[in-house]
Amino acid sequence: MDENTLNTFLRDLKFVVLSNVKTGKAFEVFFDFNLPNMHDEIFAVAKKKYLKKGIHISIQGGGRITKRNEYIVFHGRSSKYGRYEDETVLSLAPLHPFFENKKYIFLSKSGEDDVEKIIERNINL
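Everything in the sequence shown is counted per numbering that gives the first Met the number 0, starting at 0 for the first residue and increasing by one.
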């Protein structure tokens with residue numbers, strides 16, 4: 000994914016964390032620029048996609064993604080599905096096709112809405 004597209008569209012974009020029902024393990028941070036802007040609608044698209052592959056999925060929370068310079072920040076929470084686990088998102092995010100082979104700094108603070116504070120905390124470590 001080119002940098003201009005990410006800078007334009009990766010602002011408060013909603014995502015969900017998918018897990019395999021059989022194993023219980025999270026396997027993807029699911030989002031795209033062409034998906035609806037509701038967590039339940041995003042999950043519905045994911046269910047259809049993976050059902051075609053014979054994989055039954057569940058959801059482990061959701062939130063929003065924002066790009067600021069070299070930072071990809073996962074933040075907030077889904078009002079319907081609740082908070083996601085920061086560690087899970089941070090382990091799965093670099094695997095997303097939008098971020099593969101890129102040198103972004105991934106940050107996550109489930110439940111926190113202020114992206115600037117999340118970045119500032121990281122800088123001050």
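All C-beta atoms, glycine included, are put in the ideal place defined by N, C-alpha and C.
Being a predicted model, the structure only gives us computed values, none of them experimental.
Distance, residue j Cα to residue i Cα
i    : j    : result
P35  : I41  : 6 angstroms
K52  : N6   : 32 angstroms
V28  : L17  : 6 angstroms
K79  : M37  : 10 angstroms
I64  : R82  : 13 angstroms
N121 : D85  : 14 angstroms
D113 : K48  : 32 angstroms
N123 : K102 : 20 angstroms
F8   : F98  : 14 angstroms
E2   : L91  : 20 angstroms
K116 : D11  : 15 angstroms
S77  : G62  : 5 angstroms
Distance between beta carbons of residue j and residue i, contact taken as under 8 angstroms
i   : j   : result
V15 : I54 : Not quite, the Cβ-Cβ distance comes to about 15 angstroms (not below 8 angstroms), so this is no contact.
K13 : F30 : 7 angstroms
Cutoff 7 angstroms; reference residue i; Cβ partners in own chain excluding five residues on either side
i    : result
K46  : I56
P93  : F105
T87  : V16, A25 and Q59
V136 : The structure shown does not extend to residue 136, since the chain is modelled only from 0 to 124, so the question has no answer here.
N39  : Looking at the sequence shown, residue 39 is not Asn but Asp. Answer for D39: K79, listed in chain order.
Neighbourhood of residue i by C-beta, 8 angstroms cutoff - its chain only, sequence neighbours within 5 removed
i    : result
I118 : R67, Y70, V72 and L106
P96  : M0
Buried versus exposed call for residue i [16 or more other C-beta atoms within 10 Å across all chains shown]
i    : result
E111 : buried
G75  : buried
G60  : buried
K108 : buried
T22  : exposed
V20  : exposed
L50  : exposed
Residue i Cβ short of 8 angstroms to the ligand GDP heavy atom set
i   : result
Y70 : Among the components modelled here there is no ligand, and therefore nothing to report on the ligand GDP.
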